[in-house]
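Everything below concerns the one structure shown next.
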């Protein structure tokens with residue numbers, strides 16, 4: 024018998040939910056028909072995870088770090104750097120990164136749409152912005168839809184500046200200001216304001232935007248900068264756990280965290296990071312990747328999107344699609360499989376909540392418990408009890424026979 | 024009614040396990056016939072302990088400290104000092120101690136057996152080593168079988184040196200080297216290498232070894248030094264909890280931790296620290312010791328040995344013997360009884376794992392739960408839930424009516 028097992032971690036973003044009246048008080052997960060998950064549950068053990076602590080409402084970035092065993096108190100430096108890495112921008116320590124929304128500014132200079140009419144892609148627009156004349160080197164890339172990332176490179180800059188995004192429409196964007204008295208922060212605020220003004224001018228006259236306006240679509244003629252953060256390298260998964268590792272994810276944030284932690288990013292055709300993603304392709308790719316890597320993380324975003332939209336029926340149906348795509352897991356040997364959420368996104372709230380997320384662990388050596396169905400309240404009765412986000416990796420390493428001894 | 028109760032903590036080393044096919048998926052504890060433990064469970068409450076945290080794989084030393092309420096992050100300074108105290112060597116702060124294996128070096132200077140053919144005792148051999156001429160004062164004692172402890176005494180020495188034990192046979196022992204640049208570490212490495220070389224010469228010509236070789240047994244002609252640590256006194260159990268206390272244990276590590284924490288060590292004839300130990304004598308002695316002490320710890324090693332040997336049947340049978348020996352507990356009054364493991368030693372792994380250990384607490388005032396059998400998965404459903412190693416002593420003090428108030 025091989026002592027060491029592989030680890031396959033499946034994260035359904037925003038999986039956890041609350042009772043829904045139209046489901047006779049069941050959650051979307053509880054209401055969903057999930058024969059594969061139930062089989063895994065029957066032959067596995069269940070529990071609940073408080074990803075950042077009991078009742079703490081996690082962000083997407085912090086919760087993902089915690090599930091990988093990186094305490095965000097130590098390793099979280101803002102979302103921007105992870106988005107930028109995920110967008111394919113190389114970074115050096117000290118570079119300052121932002122997540123970017125391509126947005127619409129109306130003729131009065133007010134924000135008309137924070138997502139530029141949910142534009143499909145902004146690659147050409149981002150390219151046009153390379154002409155901006157700035158006193159720092161910079162890099163800007165579009166990712167999916169209206170999203171992208173911007174990095175200011177070099178020395179003498181600081182992430183300690185405010186955002187220009189008021190999160191409202193019909194108002195002028197905010198002026199970016201330093202949040203401390205350092206020359207670096209003042210300098211960066213000034214660089215950012217100048218960058219935004221030049222970007223607005225370049226984007227306004229860009230042919231793609233002219234065409235959009237002709238077609239009565241909102242032009243993507245402005246940038247909203249959020250999640251400013253200074254990049255610092257993280258210790259790698261290999262250094263921390265001795266594992267070769269890979270991530271399969273559609274969304275740039277999760278790719279970025281993978282890159283920051285030295286994981287391979289395996290691209291999957293049709294992995295969109297949204298509800299229309301190619302689930303079967305992702306699952307099959309994950310299974311293949313387990314042949315060459317010790318630790319594979321499969322991130323599925325759709326559950327979260329349906330939660331944010333308050334679409335309980337959609338969330339339930341998506342979970343059923345995930346269940347079907349996981350059929351292939353039945354014949355994975357020598358692998359500890361864990362499936363959980365990074366946080367709850369209750370449809371009733373349309374936002375992240377601090378409700379604990381259900382956890383399912385299956386594989387050789389697991390103390391199989393008596394719970395036969397995967398759902399929030401079934402999981403609460405499971406043999407794993409209630410653990411924290413940072414406990415997950417130690418538990419998986421332990422079950423996989425890969426934990427180092429503390430003491431002798 | 025007397026408010027304060029006594030506390031009787033029984034630690035079955037390596038008790039926790041994983042499902043075993045030949046036991047139809049039960050663990051050795053679950054498969055064992057344990058009427059006494061089940062009666063204690065029925066009238067008590069159960070739970071799980073993550074001794075060093077969820078999934079963390081505990082050593083024997085760190086886990087024992089945690090169960091006594093001493094955070095190893097603060098109080099663990101290597102295994103050597105505890106082994107030396109347990110072997111009966113007096114220590115002063117700063118003394119550097121090692122655990123010792125008497126081993127066999129072949130004629131080519133290679134390690135032939137790390138345990139010298141599992142020699143029965145080395146007391147005379149250890150005595151012969153007192154003739155070694157070293158520039159520091161030292162003390163060496165044999166404990167059970169091939170085991171012992173060595174202490175370098177005085178100033179100008181450091182525990183920051185490597186071991187000579189590669190854990191392999193058929194290779195030369197490693198040269199001991201300093202792990203930092205201090206003169207103390209360099210000095211200690213040099214002292215240790217010289218000590219080992221002299222020990223080899225003295226042991227080689229010792230009559231006991233001559234006799235062993237004549238009888239085709241491996242001579243115990245070399246020392247492997249491990250677990251280097253510098254001794255520092257710990258706050259006593261009396262200081263921390265206000266309890267008079269005693270330990271009953273066969274193995275020198277647990278006696279050493281008892282001495283370090285100011286507990287009385289009660290010797291029991293036939294307590295071997297192994298599977299052949301006199302369980303009834305240990306239990307009866309513990310019961311008597313409760314007449315004179317507030318807090319008694321009974322440590323039973325055998326469960327761990329069977330786990331390390333991968334002997335599930337042996338582990339199950341040993342647990343049944345423990346159960347029988349605990350019959351006497353039925354009529355202990357005014358005592359909170361807690362029984363748990365210091366870690367899991369699953370037979371399938373033949374080593375410590377980070378799986379949670381089952382906990383049973385019985386005594387006046389305990390919130391008796393509905394669980395009627397003592398086993399890993401029954402414990403997971405118990406009223407105590409899932410706690411950490413450092414939580415155990417506060418809970419026992421609380422139930423015994425001996426906890427100090429935090430605030431007013």
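Protein chains in written order, with my numbering: chain A, 24 to 431; chain B, 24 to 431. Ideal Cβ placement from N, Cα and C applies to all residues, glycine included.
Give a yes or no on whether the minimum CB-CB distance between residue 426 of chain A and chain B is below 7 Å. Proximity of residue 426 of chain A to chain B, defined by a Cβ-Cβ separation below 7 Å, is satisfied.
Using a C-beta to C-beta distance shorter than 7 Å, which residues of chain A count as neighbours of residue 75 of chain B? Those within 7 Å of residue 75 of chain B in chain A are 429.
Taking one C-beta from the region 137-150 of chain B and one from the region 232-251 of chain B each time, how about it: are there three or more such pairs within less than 8 Å? Of all C-beta pairs linking the region 137-150 of chain B to the region 232-251 of chain B, three or more are shorter than 8 Å, placing the two stretches in contact.
Output the residue ranges of the alpha helix (DSSP H) runs that lie fully inside the region 194-255 of chain B and measure 4 residues or longer, sorted by chain position. DSSP assignment within the region 194-255 of chain B yields the following whole alpha helix (DSSP H) runs of 4 residues or more, N-terminal first: 206-227 and 230-237.
Is the distance from the Cβ of residue 346 of chain A to the Cβ of residue 60 of chain A below 7 Å? Against a cut-off of 7 Å, the Cβ pair of residue 60 of chain A and residue 346 of chain A comes out as a contact.
Going by beta carbon distance, what residues of the same chain come within less than 8 Å of residue 178 of chain A, once the five residues before and after it are set aside? Result list for residue 178 of chain A: 117, in chain order.
Take residue 309 of chain A as the anchor and find which of A:268, A:285 and A:334 has the nearest alpha-carbon. Ranked by Cα distance from residue 309 of chain A, the options A:268, A:285 and A:334 are led by A:268.
Would residue 81 of chain B count as contacting chain A if we go by Cβ distances under 7 Å? True, the Cβ-Cβ gap to chain A drops below 7 Å.
Use the C-beta contact count for residue 95 of chain B: other C-beta atoms within 10 angstroms, 16 or more gives buried, fewer gives exposed. Residue 95 of chain B comes out buried.
For a contact meaning CB atoms closer than 9 Å, what does residue 95 of chain B contact in chain A? Here the neighbours are 429 and 430.
At a CB-CB cut-off below 8 Å, which residues of chain B make contact with residue 421 of chain A? Chain B residues near residue 421 of chain A: 78, 79, 80, 376, 377 and 378.
Anything in chain B within Cβ reach of residue 409 of chain A, meaning under 9 Å, just list it in chain order. The contact set of residue 409 of chain A on chain B, defined by CB atoms closer than 9 Å, consists of 408 and 409 in chain order.
When the Cα atoms are used, what is the spatial distance from residue 414 of chain B to residue 90 of chain B? Cα to Cα, the separation comes out at about 8 Å.
Cut-off 6 Å between Cβ atoms - residues of its own chain near residue 249 of chain B, not counting five sequence neighbours on either side: If you ignore the 5 residues before and after residue 249 of chain B, its C-beta comes within less than 6 Å of the C-beta of 122, 186 and 188, all in its own chain and listed in chain order.
Coil, strand or helix - residue 174 of chain B by DSSP: Strand.
Is the CB-CB distance between residue 371 of chain B and residue 41 of chain B below 7 Å? Cβ distance < 7 Å, so residue 371 of chain B and residue 41 of chain B count as in contact.
Just reading off the beta strand (DSSP E) that residue 150 of chain B is part of, what are its end residues? DSSP places residue 150 of chain B in no beta strand (DSSP E) but in the uninterrupted alpha helix (DSSP H) bounded by 146-151.
Run down chain B in chain order and give the residues with a C-beta less than 9 Å from the C-beta of residue 388 of chain A. Ordered by position in chain B, the residues that pass the 9 Å Cβ test against residue 388 of chain A are 41, 42, 369, 371, 372, 376 and 378.
Counted within 10 angstroms of its Cβ, other Cβ atoms place residue 428 of chain B as buried (16 or more) or exposed: In the assembly as shown, residue 428 of chain B is an exposed residue. Its beta-carbon has fewer than 16 other beta-carbons within 10 Å.
Straight-line Cα distance separating residue 291 of chain A from residue 325 of chain B: Just so you know, the alpha carbons of residue 325 of chain B and residue 291 of chain A end up roughly 52 Å apart.
Among the residues of its own chain, which have a CB less than 6 Å from the CB of residue 33 of chain A, if the five just before and after it don't count? So the list reads 321 and 362, once near-sequence residues are dropped.
Contact with chain B by residue 417 of chain A, beta-carbon distance below 7 Å: Yes, its Cβ sits closer than 7 Å to a Cβ of chain B.
Can you name the residues that DSSP bridges to residue 104 of chain A? In the DSSP output, where bridge partners are listed per residue, residue 104 of chain A has none listed.
Beta-carbon proximity list for residue 205 of chain B, same chain, < 8 Å, skipping 5 on both sides: Answer for residue 205 of chain B: 181 and 183, listed in chain order.
Does residue 365 of chain A have its Cβ less than 7 Å from a Cβ in chain B? Answer no: the Cβ-Cβ gap between residue 365 of chain A and chain B never drops below 7 Å.
Alpha-carbon to alpha-carbon, residue 303 of chain A and residue 349 of chain A: Answer to the nearest angstrom: the Cα atoms are 8 Å apart.
Check the DSSP bridge columns for residue 165 of chain B and list the partner residues they point to. Answer by DSSP bridge pairing, in chain order: B:171.
Tell me the residue span of the beta strand (DSSP E) that contains residue 95 of chain B. No beta strand (DSSP E) contains residue 95 of chain B, which is instead part of the alpha helix (DSSP H) from 95-98.
Among residues of its own chain, excluding the 5 on either side of residue 384 of chain B, which ones have a beta-carbon nearer than 6 Å to its beta-carbon? The beta carbon of residue 384 of chain B is closer than 6 Å to those of 67, 68 and 361 in its chain, skipping five residues each way along the sequence.
Would you tell me roughly how many angstroms separate the C-alpha atoms of residue 24 of chain B and residue 394 of chain A, rounded to the nearest one? Low per-residue confidence applies at residue 24 of chain B: pLDDT is 48, beneath 50, and the placement is therefore not dependable enough to give any value.
Of the choices B:319, B:110, B:162 and B:153, whose alpha-carbon is the least far from that of residue 169 of chain B? Closest option to residue 169 of chain B, Cα to Cα, is B:110.
The alpha helix (DSSP H) that contains residue 326 of chain B, what's its start and end? 325-331 is the extent of the alpha helix (DSSP H) around residue 326 of chain B.
Look at the alpha carbon of residue 295 of chain B and the alpha carbon of residue 148 of chain B, and state the distance between them as a whole number of angstroms. Computed Cα separation, rounded: 20 Å.
Of all the residues that make up the region 388-402 of chain B, which are near chain A by a beta-carbon distance shorter than 8 Å? For the region 388-402 of chain B, which is checked against every Cβ of chain A, the residues closer than 8 Å are 399 and 400.
For residue 356 of chain A, would you say it is in contact with chain B, using Cβ-to-Cβ distances shorter than 7 Å as the test? Contact of residue 356 of chain A with chain B is not assigned, every C-beta pair being separated by 7 Å or more.
Classify residue 24 of chain A as helix, strand or coil using the three-state DSSP reduction. Legend: pLDDT at residue 24 of chain A = 44, less than 50; position of this residue unreliable, no value from coordinates given.
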